[in-house]
Ligand SMILES: Cc1cc2nc3c(=O)[nH]c(=O)nc-3n(C[C@H](O)[C@H](O)[C@H](O)COP(=O)(O)OP(=O)(O)OC[C@H]3O[C@@H](n4cnc5c(N)ncnc54)[C@H](O)[C@@H]3O)c2cc1C
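Residue numbers (the numbering used here): 373 to 571.
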């Protein structure tokens with residue numbers, strides 16, 4: 373088995389390394405000394421840099437506005453981004469994988485803006501009583517009048533506090549019916565009834 377990286381992959385790795393060293397590393401100290409968190413103007417500059425370096429949505433297809441990299445290529449990139457301390461890798465956004473399964477309309481409204489970094493999404497699976505074991509999940513999806521209404525509590529939701537625009541929260545939820553252990557259903561919802569605690 374030949375485990376040598378191709379030239380394309382080595383170039384990609386070098387690109388991600390240069391981004392990490394030149395764009396992320398300079399903010400490590402400020403991020404550390406602030407207790408975690410950068411000023412809005414710095415975040416805006418980082419946002420522009422992610423787009424300029426074409427590292428936005430590396431996990432999404434090109435036709436949806438992503439970079440179309442393979443899982444292996446994503447690993448190469450994330451290995452480099454992960455060298456930055458203080459979770460600075462998180463300024464490089466990866467819209468939830470499940471968003472790619474939306475309808476054309478959902479992709480227009482949620483996936484493409486997420487790929488452009490105009491909105492952040494969060495991916496919420498875990499609950500206070502259900503971590504690794506999806507059979508303990510208690511969140512319910514009730515279908516009424518052609519719409520799903522979700523009821524439940526999620527926690528440990530990375531970016532749950534920032535996945536919000538104008539009061540509307542974009543959260544991708546996997547809801548598993550606990551009694552039947554049915555396959556998880558993907559539900560995308562822009563919910564005015566969602567409340568956030570903690571953060
Ligand atoms: C920083 C951070 C960010 C997170 N972001 C998100 C997010 O964005 N969205 C989201 O949905 N979740 C998120 N999570 C939650 C994360 O996915 C859960 O922590 C994870 O699913 C484990 O659940 P738990 O912590 O409740 O551990 P538990 O499920 O209570 O497990 C505790 C320990 O028991 C072990 N264990 C569990 N079940 C078994 C078993 N049947 N047999 C043997 N061993 C077992 C586990 O391996 C683990 O070591 C985040 C967590 C952290 C810490």
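All C-beta atoms, glycine included, are put in the ideal place defined by N, C-alpha and C.
As the structure is a computational prediction, the values presented were derived from the model and not from experiment.
Legend entry - Contact test: residue 511 Cβ vs ligand 1 heavy atom, cutoff 6 Å: The count along the chain shown starts at 1 and reaches residue 511 at position 139. No, the Cβ of residue 511 stays beyond 6 Å of every heavy atom of ligand 1.
Inset, instruction - Check whether the Cβ of residue 486 sits closer than 6 Å to any heavy atom of ligand 1, and report yes or no. - result: The count along the chain shown starts at 1 and reaches residue 486 at position 114. The beta carbon of residue 486 sits no closer than 6 Å to any heavy atom of ligand 1.
Legend entry - Contact under 7 Å by Cβ, residue 500 with residue 465: Locating residue 500 in the chain shown gives position 128, where the first residue counts as 1. Locating residue 465 in the chain shown gives position 93, where the first residue counts as 1. Cβ atoms of residue 500 and residue 465: not closer than 7 Å.
Legend entry - Per-residue DSSP class, three states only, for residue 373: Reading the chain shown from its first residue, position 1 is the one you call residue 373. Correct three-state label for residue 373: coil.
Inset, instruction - Determine the extent of the beta strand (DSSP E) in which residue 448 is found, giving its start and end residues. - result: Here the question's residue 448 lines up with position 76 in the chain shown. Looking at the DSSP string, residue 448 is not in any beta strand (DSSP E); the run it does join, the alpha helix (DSSP H), is 443-453.
Legend entry - Nearest to residue 493 (by Cα), restricted to the options 469, 512 and 440: Residue mapping note: residue 493 aligns to position 121 of the chain shown, counting from 1. In terms of CA proximity to residue 493, 469 leads the group 469, 512 and 440.
Legend entry - Neighbourhood of residue 531 by C-beta distance below 6 Å, restricted to the same chain and skipping five residues each side: As a first step, residue 531 is located in the chain shown; it is residue number 159 there, counting from the start. Here the set comprises 492 and 494.
Inset, instruction - From the DSSP output, in three-state form, read off residue 388 for me. - result: Sequence index remark: in the chain shown, residue 388 carries index 16 (1-based). If DSSP states are grouped into helix, strand and coil, residue 388 belongs with the helices.
Inset, instruction - Kindly examine ligand 1 and report whether one of its heavy atoms sits closer than 6 Å to the Cβ of residue 430. - result: What you label residue 430 is simply residue 58 of the chain shown in a count that begins at 1. Residue 430 Cβ: outside cutoff for every heavy atom of ligand 1.
Inset, instruction - May I have the straight-line CA-CA distance separating residue 391 from residue 534, to the nearest angstrom? - result: Residue mapping note: residue 391 aligns to position 19 of the chain shown, counting from 1. Residue mapping note: residue 534 aligns to position 162 of the chain shown, counting from 1. Distance between the alpha carbons of residue 391 and residue 534 is about 23 Å.
Legend entry - residue 534: CB within 6 Å of a non-hydrogen atom of ligand 1: Here the question's residue 534 lines up with position 162 in the chain shown. No, the Cβ of residue 534 stays beyond 6 Å of every heavy atom of ligand 1.
Inset, instruction - Could you check what DSSP says for residue 470 in three-state terms: helix, strand or coil? - result: By 1-based counting over the chain shown, the position of residue 470 is 98. Residue state, collapsed to three classes: helix.
Inset, instruction - For residue 457, I'd like the list of residues in its chain whose CB is within less than 6 Å of its CB, leaving aside the five on either flank, ordered along the chain. - result: Along the chain shown, one-based indexing puts residue 457 at 85. Cβ within range, chain order: 400.
Inset, instruction - Excluding the 5 residues preceding and the 5 following residue 472 in the sequence, name in chain order all residues of the same chain whose CB lies nearer than 8 Å to its CB. - result: Counting from 1 along the chain shown, the entry for residue 472 is found at position 100. Correct list, in chain order: 432, 433, 436, 479 and 483.
Legend entry - Check: residue 498 C-beta below 6 Å from any heavy atom of ligand 1: Residue numbering aside, residue 498 sits at position 126 when the chain shown is read from its first letter. Indeed, a heavy atom of ligand 1 lies less than 6 Å from the Cβ.
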